[in-house]
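In the working numbering, the protein residues as written are 1 to 309.
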């Protein structure tokens, strides 16, 4: 729900309709009654398009257009004899070789061993506890799917009940893991990894929840627009007045409504039309999003024909 009202903020077409309606002769009782009926219907259903346009711009910026492109670092494009990066690769591995030899010599001179395992021991400290904690943190993220399922079924609205619940959960999602690192007394390696992973997952959590929350608002608008369109079609069929000008005005109104319906319906579908809201609100889709290397949720992501090495 974009504002406190549910119906009065669907579409603003009055500014396009009023000039046409004003051309009807108000002295005619029949035309005056018809005009009043149309204006009353429109004022109750088609007002305040600002929020809808804002969401349209917001969603439109995130439409994915993808075309696979070859990279200079792709294995199939690399030519051992003609590759322009050949010298860079060679220099890099030469530098790495010198660094490894230098580190081994210093470790042998200072401690009598070639490889210093102090960092490895620091990194492996309480490794099982870190893994279990990280799994609990990631598992708690599925609360967002349950919340979006409740919203998609219409039990609560995203604005503002669902949004408040989501914000409270996000605060707890960031606070609890941060407190847990102090409670466990982990070294900086474990603490840094766990907190940074929590922050990155929080970004994914926020993107998923708010994107689907806005789509739930679109779904409500789509249903209301279709209902109002059907009502206006029914009213036009009941009218027995043969007035070409009045019929033309009604056709313009219906055309504008139909255009908005198609526009809103387009935002509920992915670019390829293979998935739409709320069919995407599943645990499998959420797992796929968690595995995709991006922080921004989309209904559909570009895919390559095969996994590139």
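From the three backbone atoms N, C-alpha and C, an ideal C-beta is built for every residue, glycine too.
Taking DSSP as the reference, what is the three-state secondary structure of residue i?
i	result
residue 47	Residue placement at residue 47 is poorly supported in this model, since its pLDDT is 44, which falls under 50; the coordinates still yield a value, given next. Three-state result, residue 47: coil.
residue 294	coil
Within its chain, find whatever has a CB closer than 8 Å to the CB of residue i; leave out the 5 residues flanking it on each side and keep chain order.
i	result
residue 281	145, 148, 149, 152 and 212
residue 178	195 and 198
residue 274	300
residue 295	200, 203, 204 and 207
residue 133	177, 180, 184 and 194
Closer than 6 Å by C-beta to residue i: which residues in its own chain qualify, once you throw out the five before and the five after it? Chain order, please.
i	result
residue 270	299 and 300
residue 250	236
residue 123	189
residue 314	Within the shown structure, residues of the chain are numbered from 1 to 309, placing residue 314 beyond reach of any answer.
residue 41	For residue 41, the predicted model reports a pLDDT of 47, less than 50, meaning its position is unreliable; a value from the coordinates is still stated below. Correct list: empty, nothing qualifies.
residue 108	114
residue 166	209
Report the CB separation of residue i from residue j in whole angstroms; it is logged as a contact under 8 Å.
i	j	result
residue 297	residue 264	Actually they are not in contact, since the Cβ atoms of residue 297 and residue 264 sit about 19 Å apart, beyond 8 Å.
residue 253	residue 232	7 Å
residue 258	residue 229	7 Å
Indicate whether residue i and residue j have their beta-carbon atoms separated by less than 9 Å.
i	j	result
residue 137	residue 201	yes
residue 277	residue 268	yes
residue 126	residue 180	no
residue 319	residue 193	One cannot answer for residue 319 here, as it falls past the ends of the chain, which runs 1 to 309.
residue 169	residue 142	no
Indicate, with yes or no, if the ligand PLP has a heavy atom lying under 8 Å from the CB of residue i.
i	result
residue 206	No copy of the ligand PLP occurs in the structure displayed, which carries no ligand at all.
Among the residues of its own chain, which have a CB less than 7 Å from the CB of residue i, if the five just before and after it don't count?
i	result
residue 266	none
residue 272	300
residue 155	none
residue 106	none
Is there contact between the segment 212–223 and the segment 147–161, where contact requires at least three CB pairs shorter than 8 Å? Flag = yes, the segment 212–223 and the segment 147–161 touch.
Is it a yes or a no for the segment 222–233 touching the segment 159–168, going by three-plus beta-carbon pairs under 8 Å? These segments do not touch.
Between the segment 193–209 and the segment 286–296, do at least 3 Cβ pairs fall closer than 8 Å? These segments touch.
Is there contact here, the segment 116–131 with the segment 167–174, by at least three beta-carbon pairs under 8 Å? By the Cβ test, the segment 116–131 is not in contact with the segment 167–174, since fewer than three Cβ pairs between them sit closer than 8 Å.
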